[in-house]
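With full-length UniProt numbering, letter number 27 in the sequence shown gets 27, and the count goes up by one each step, no holes. All C-beta atoms in this analysis are idealised placements derived from N, C-alpha and C, irrespective of residue type, glycine included.
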Amino acid sequence: MAVDKNSRYAKSGRVAWMRADGSRVELIGPTPRPARAAIFAAMATDTDRLDTLATRYYRDPLKLWRIADASAALDPFDAVVPGMPVQIPPDK
């Protein structure tokens, strides 16, 4: 499995997995989330998503993981809930 060298998963371990048909695949193992303390909270609207918030605050939609890491949600799709504050960490 090719992973970009700048990816947060570049140094993650790999896990072998056997499919039901007997073929072997390699998966990226669990990777701990870095601690990201928020500098402020933005109130989410019904049109906000992680990528739109990253574009607004970092001018880069690919930095959506910074916001996802600051969230307590396990699933990134649960990090933005309309009407609830979204923690925005620094861009570092």
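Closest by C-alpha distance to L74, when choosing among K92, A38, P32 and Y58:
P32
Confirm, please, whether the CB-CB distance from D60 to A54 is below 8 Å.
yes
Taking 8 Å as the threshold (C-beta atoms), are A38 and A68 in contact?
no
Proximity to M43 [Cα-Cα], best of A2, P90, N6 and A79
A79
Could you tell me if P30 is buried or exposed, where buried requires 16 or more neighbouring beta carbons within 10 angstroms of its beta carbon?
exposed
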